[in-house]
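S.K.:
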Amino acid sequence: MVNTEQLYHKFLECTGVSTDTRRITPDCLFVALKGDKFDGNQFAEQALAEGARYALVDDPAVAARDQERCLLVADGLTALQDLARHHRQTFNFPVIGLTGSNGKTTTKELIAAVLSKNYRTYATVGNLNNHIGVPLTLLALNEQYELAVVEMGANHQKEIELLCSIAQPTHGLITNVGKAHLEGFGGIEGVRKGKGELYDYLIQNSKTVFINSRDKTLMAMYRERLKTTRSEFTATESTAAEPTFAEAVFYPAVEATEEPIELLLESPVVVYRDSTGQEITTHLPGRYNFENMTAALAIGDYFGVSPEEANRAIADYNPTNNRSQVITKGTNTVLLDAYNANPSSMAAAIRQFATTPAKHKVVILGDMYELGNESEAEHAALGKLIADSKFDLVILAGKDMHYALGSLPKAYYFPDKFSLHNWLMDNPMTDTNFLVKGSRGMSLETVVPFI
């Protein structure tokens, strides 16, 4: 059985890491992981045959078949995390960790775009942001990079704490705290505690915290944790000099008009203006994206990226990942925000869409997942918000969206998206703006071809 140090030497011989036999690259390290319905150990031989240099396994019987190239450990997932933690400790450039209920991936992409103007920057690919994805992100880092942006997702408490122990961020950001993953976190207070674990790590390790000063929840979370940490220090180290617990950087450091001076969904372009009078152009519509943008600008400012270069990076970013993506379909315009949804992000998107100028406005909304016992109440509350917004047409899909119907004088409801597809084909619309949003499991991007 190999230990972390031995495994690391083997890792250095490899060209990368893969946990999927469909993505084997020559001389990579294949890591066999177990799930509820699969056992990666059973694919180790296949991975080696397809070009992997080594296979990390936790099944002694599998390891015995090729003792030279099968690296036996007690637990594959723990070994992967320990390997990533060990690798992280070999480089000393800044690592920015970010989490939050909404906007994590977009903010990560914007921060990376801005910082890339001055630094060789690596950022989490896609949504590799969990207990497996974060280790894989770290193991992709090498000496060519000067800075890393690591997205951290969580659906229960103590998960961010684990990810911080692996990524060891030097800087950190919580985008916001909202009603996401309520089932796993045990309610909104559980969400605050879980997301706040990033603040805990940064404060206790004297790192740098970026905080949206206009977010009262985040400000309160930071102050509470700072006070607690100071109290704990005073109680245990009263005779020593008080350390610096963390550097707090409050943003937006680069001020901008809160509302756009120009919003052209059909273009699609949104234009803001910063405190110097310089225009900031973005392809990201929505007030919620303003917060993501100012976070990226403030972090760029902190790391010495000029306002001109930072603004150019924001302007050049064009989403293609089902997040705040604007698509033109003939005379129709679709705002596709179907990567994920929770009560907070859904409400923000609906309110923003309601204020957007358009000849006709239609919303196509799917279920919000992982709400547990709160699902009925949250979908019902969403129905009231939709009713108040007075859209031309409301289309709902998914088993829980029927809870929203009680507040709506008129809406089309489909228990599944396939019947929705058929209805859209039979009822074509023109000169219309659509908002399409739902949880990832709904895959509502599939409705776009039928609009």
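Numbering-wise (the UniProt record's numbering), the sequence shown opens with residue 1 and increments by one. The C-beta atom is built at its ideal place from N, Cα and C for all residues, glycine as well. Since the model is a prediction, treat every value here as computed from it, not as a measurement.
(1) Just curious, the alpha helix (DSSP H) that His86 is in, first and last residue?
(2) Hey, Asp66 and Leu48 are a contact pair by Cβ (cut 8 Å); roughly how many whole angstroms apart?
(3) Evaluate Thr432 with the Cβ neighbour count: other Cβ atoms within 10 Å of its Cβ, from every protein chain shown; 16 or more gives buried, anything less gives exposed.
(4) Can you give the Cα-Cα distance for Glu308 and His283, rounded to whole angstroms?
(5) Does the beta-carbon of Ala296 have 16 or more other beta-carbons within 10 angstroms, so that it is buried, or is it exposed?
(6) Sort Pro135, Glu146, Gly406 and Leu139 by Cα distance to Leu163 and report the nearest one.
(7) To the nearest angstrom, report how far apart Gly16 and Val447 are at their CA atoms.
(8) If you draw a straight line from the alpha carbon of Gly438 to that of Cys14, how long is it in whole angstroms?
(9) Mind checking whether Val73 and Asn41 have CB atoms under 7 Å apart?
(10) Should the segment 357-375 be regarded as contacting the segment 138-148, the criterion being three or more beta carbon pairs within less than 8 Å?
(11) Considering Glu46, what are the terminal residues of the alpha helix (DSSP H) in which it resides?
(12) Taking a contact to mean a Cβ-Cβ separation below 7 Å, would you say Arg223 touches Asp200 in this structure?
(13) Alpha helix (DSSP H) containing Cys164: first to last residue?
(14) Determine the closest residue to Gly330 out of Pro428, Leu128, Gly366 and Asp388, with distance taken between C-alpha atoms.
(15) Taking Cβ to Cβ, would you say Leu138 is nearer than 7 Å to His87?
(16) Let's see if you can read the secondary structure: which residues bound the alpha helix (DSSP H) around Asn118?
(17) Express the C-alpha separation of Ser344 and Tyr403 in angstroms, rounding to a whole number.
(18) Does the beta-carbon of Tyr54 have 16 or more other beta-carbons within 10 angstroms, so that it is buried, or is it exposed?
(19) Under 8 Å by Cβ, that's how I've got Ile350 and Ser389 pegged, so tell me the actual separation to the nearest angstrom.
(20) Between the beta-carbon of Phe414 and the beta-carbon of Leu420, is there less than 7 Å?
(21) Cutting at 6 Å between CB atoms, please list the residues of its own chain near Asn155, excluding the five before and the five after it.
(22) If you scan the segment 267-303 from start to end, which runs of the alpha helix (DSSP H) of 4 or more residues do you find wholly inside it?
(23) DSSP on Asp337, reduced to helix/strand/coil?
(24) Assign Phe91 to one of three DSSP states: helix, strand, or coil.
(25) DSSP beta-bridge partners for Asn212?
(26) Which class does Glu5 belong to by DSSP, given the choice of helix, strand or coil?
(27) What did DSSP end up calling Val150 once you bin it into helix, strand or coil?
(28) On a CA-only basis, which of Asp392, Ala248 and Asp58 is nearest Lys207? Give me that one, please.
(29) Using 8 Å for Cβ pairs, my map puts Val114 next to Gly300. What's the rounded Cβ distance?
(30) Quick check for students: name the residue ranges of the beta strand (DSSP E) that lie wholly in the UniProt domain "Mur ligase C-terminal" (323-400), counting only runs of 3 or more.
(31) Report all residues from its chain with a CB closer than 6 Å to the CB of Glu197; omit the five preceding and five following residues, and keep chain order.
(32) If I follow the unbroken beta strand (DSSP E) through Tyr145, where does it start and stop?
(33) I need the DSSP call for Asn176, collapsed to helix, strand or coil.
(34) Reducing DSSP to helix, strand and coil, say where Asn433 ends up.
M.R.: The relevant details are as follows:
(1) Here the alpha helix (DSSP H) through His86 covers Gly76 to Arg88.
(2) At roughly 7 Å, the Cβ-Cβ gap stays under 8 Å, so Asp66 and Leu48 are in contact.
(3) Burial is judged here by how many other beta carbons sit within 10 angstroms of a residue's own beta carbon; Thr432 has at least 16 and is buried.
(4) So the alpha carbons of these two residues sit roughly 17 Å apart.
(5) Within 10 angstroms of the beta-carbon of Ala296 lie 16 or more other beta-carbons, which makes it buried.
(6) With distances taken between Cα atoms, Leu163 lies closest to Pro135.
(7) Inter-residue distance for Gly16 and Val447 is about 36 Å (C-alpha atoms, whole angstroms).
(8) Gly438 and Cys14 have their alpha carbons spaced roughly 40 Å apart.
(9) Cβ atoms of Val73 and Asn41: not closer than 7 Å.
(10) In the pairwise beta carbon analysis, the segment 357-375 is classified as not touching the segment 138-148: fewer than three pairs are separated by under 8 Å.
(11) Per the sequence shown, the amino acid found at residue 46 is Gln instead of Glu. Segment Ala44 to Ala49, the alpha helix (DSSP H) holding Gln46.
(12) Cβ atoms of Arg223 and Asp200: not closer than 7 Å.
(13) Unbroken alpha helix (DSSP H) run through Cys164: Glu159 to Ala167.
(14) Measuring from the Cα of Gly330, the nearest candidate turns out to be Pro428.
(15) Closer than 7 Å, so yes.
(16) Taken as a continuous stretch (DSSP letters only), Asn118 belongs to no alpha helix (DSSP H), as it is neither H nor E.
(17) The straight-line gap from Cα to Cα measures roughly 17 Å.
(18) Buried, since its Cβ has 16 or more Cβ neighbours within 10 Å.
(19) So it is a contact: roughly 6 Å between Cβ atoms.
(20) Yes.
(21) Hits under 6 Å: His181 and Gly184.
(22) With a minimum length of 4 residues, the unbroken runs of alpha helix (DSSP H) contained wholly in the segment 267-303 fall at 287-302.
(23) Three-state DSSP puts Asp337 in a strand.
(24) Phe91 falls in the coil class under three-state DSSP.
(25) Here Asn212 is bridged, per DSSP, to Tyr251.
(26) Three-state result, Glu5: helix.
(27) Assigned with DSSP and collapsed to three states, Val150 falls in strand.
(28) Checking every option, the nearest Cα to that of Lys207 belongs to Ala248.
(29) For Val114 against Gly300, the beta-carbon gap comes to about 4 Å, under 8 Å, which counts as contact.
(30) Unbroken beta strand (DSSP E) runs of no fewer than 3 residues, entirely contained in the UniProt domain "Mur ligase C-terminal" (323-400), are found at 325-329, 332-337, 361-366 and 393-397, following chain order.
(31) The answer, listed in chain order, is Ile160 and Glu161.
(32) Note, Tyr145: premise wrong, no beta strand (DSSP E); not H, not E.
(33) Residue state, collapsed to three classes: coil.
(34) Reduced to three states, the DSSP call for Asn433 is strand.
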